[in-house]
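Numbering (the working numbering), first residue to last: 337 to 755.
The next block holds one structure in the form of structure tokens; read it before the comments.
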């Protein structure tokens, strides 16, 4: 069902949830959080409950070498401080995603963003890191990302004197030598954005040298959702171009509406942005890491955390949903016997409001309970009787608001099945 244009700007939404059309398992790329150098050693001290509460699968940290003083002179290793944080991550129910950064001072030519004095020492550092966590500590399914924003921190390039490809190649050699007991993944480059020059030179280099690349990662801070779509399409052109890349995952290892602290990150605009990005990237990426857990960019206690709470409430089966508009997007799920649809109205300009018709189709004739949970708090619950195969409700959405609608058969509402 299509609705009239609003002026020349866009299309209104008319959401239809096909309750009998399960598309398959619900992917959850949003179950990932990143923490930078801000409060790096303490960010989980009082927040592990909140992190666990949104079923976080992975937590990404960088500064693992310079922030935890891991590498000592003579290539001796002290993992104690980093182990403390890794253990906290696991206690919160998540798996560590480690950015292999920055250059340990004992092996660097000068500072933490310089090249090593001996590339083989860098390879050994990576080897020992993977052996420690995926071997000695036997942590399954860890991710190791080669560096963090190399185009910014260290001014690495694709080609030239300070070539990221060399940094990656020696990291891959170290990973290949690692003796482990658990599967792990290696990738990069975690650039500040997605850049054609990096794409066009990195993938051929990986192919030519037959290097390990389990995931390709980049960062994206942008309020324009179309930029996320364009990024994925650009990466797919390379991944789909050769069988060697067939299993390469796509990971946005940091994202948000703005790379600067505060601003939209801390408002309902940021929350609606997170939901809109999550909707756009379903089935398109493996993970998208919201930045960050705590600190000046933190999400805990702010609207973006509430957006993740809504996403966490979704069931594990995805339902077919149609009728997205220009501003309003939706996706549906089946949770036990309940039918769910999450509807978000994202407008970075903060001006567009809309009354959205939401229709559940192919229902059995029976009594239902319709529960509406609003993004920033508040729920309403209504009993509904229908002898038709469809049920429609008009849902008013102001700019940057969202609701989760759950339609549950009355008997199930009284005795919900455990999830």
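Note that the Cβ used here is the ideal one computed from N, Cα and C, for glycine as well.
With distance defined between alpha-carbon atoms, name the residue in the options nearest to residue i.
i           : options            : result
residue 713 : 644, 413, 456, 628 : 644
residue 522 : 562, 499, 465, 489 : 465
residue 742 : 637, 585, 707, 731 : 707
residue 625 : 397, 452, 690, 347 : 397
residue 756 : 505, 501, 563      : This structure cannot speak to residue 756, because the chain is shown only from 337 to 755.
residue 470 : 515, 449, 492      : 515
residue 361 : 668, 734, 729, 730 : 668
residue 587 : 556, 615, 605      : 556
residue 416 : 406, 442, 425, 719 : 406
residue 615 : 387, 422, 661, 718 : 661
residue 646 : 629, 672, 679      : 679
residue 584 : 571, 594, 448      : 571
residue 581 : 554, 546, 448, 440 : 546
residue 394 : 579, 475, 455, 450 : 475
residue 562 : 663, 631, 533      : 663
residue 410 : 721, 442, 593, 619 : 442
residue 486 : 578, 462, 517, 553 : 553
Please look up how many angstroms separate the CB atoms of residue i and residue j, rounded, as I've assumed it's under 8 Å.
i           : j           : result
residue 389 : residue 627 : Incorrect: roughly 19 Å between the Cβ atoms, too far for contact.
residue 639 : residue 702 : Rounded, the Cβ-Cβ distance is 36 Å, inconsistent with contact.
residue 681 : residue 608 : 7 Å
residue 683 : residue 736 : 6 Å
residue 574 : residue 541 : The Cβ separation is near 12 Å, so there is no contact.
residue 452 : residue 444 : 6 Å
residue 564 : residue 605 : Contact doesn't hold; Cβ gap of about 16 Å is too wide.
residue 481 : residue 524 : 6 Å
residue 623 : residue 386 : Not confirmed; about 19 Å, so no contact.
residue 705 : residue 716 : At roughly 11 Å, the Cβ-Cβ gap does not stay under 8 Å, so residue 705 and residue 716 are not in contact.
State yes or no: is the C-beta of residue i within less than 8 Å of the C-beta of residue j?
i           : j           : result
residue 336 : residue 477 : Since the first residue of the chain shown is 337 and the last is 755, residue 336 is not available in this structure.
residue 665 : residue 655 : no
residue 590 : residue 370 : yes
residue 696 : residue 740 : no
residue 435 : residue 526 : yes
residue 350 : residue 693 : yes
residue 675 : residue 355 : yes
residue 510 : residue 537 : no
residue 551 : residue 506 : no
residue 381 : residue 633 : no
residue 300 : residue 368 : The chain is shown only over 337 to 755; residue 300 falls outside these bounds and no answer can be derived.
residue 399 : residue 438 : yes
residue 280 : residue 567 : An answer regarding residue 280 cannot be provided, because it is not within the stretch 337 to 755 covered by the chain.
residue 699 : residue 738 : no
residue 402 : residue 408 : no
residue 433 : residue 418 : no
residue 621 : residue 629 : no
residue 421 : residue 377 : yes
residue 454 : residue 490 : no
Since residue i sits in a beta bridge, which residues does DSSP pair it with?
i           : result
residue 731 : 692
residue 412 : 408
residue 370 : 396, 627
residue 361 : 653
residue 717 : 707
residue 525 : 553
residue 674 : 671
residue 771 : In the structure as shown, the chain begins at 337 and stops at 755. Residue 771 is therefore absent and cannot be evaluated.
residue 666 : 679
residue 745 : 704
residue 516 : Looking at the DSSP assignment, residue 516 forms no beta bridge with any residue, so it has no partner.
residue 697 : 354
residue 387 : In the DSSP output, where bridge partners are listed per residue, residue 387 has none listed.
residue 301 : There is simply no residue 301 to check, as the chain begins at 337 and stops at 755 in what is shown.
residue 422 : The partner list for residue 422 (beta bridge, DSSP) is empty, contrary to what the question assumes.
residue 722 : 702
residue 738 : 680
Quick check for students: name the residue ranges of the alpha helix (DSSP H) that lie wholly in the stretch 543-616, counting only runs of 4 or more. Within the stretch 543-616, the complete alpha helix (DSSP H) runs of at least 4 residues are 561-575.
Going along the chain, which unbroken runs of the beta strand (DSSP E) with 3 or more residues stay wholly within the stretch 634-658? 653-658
Those runs of the beta strand (DSSP E) which lie wholly inside the stretch 437-499 and span at least 3 residues: 478-482
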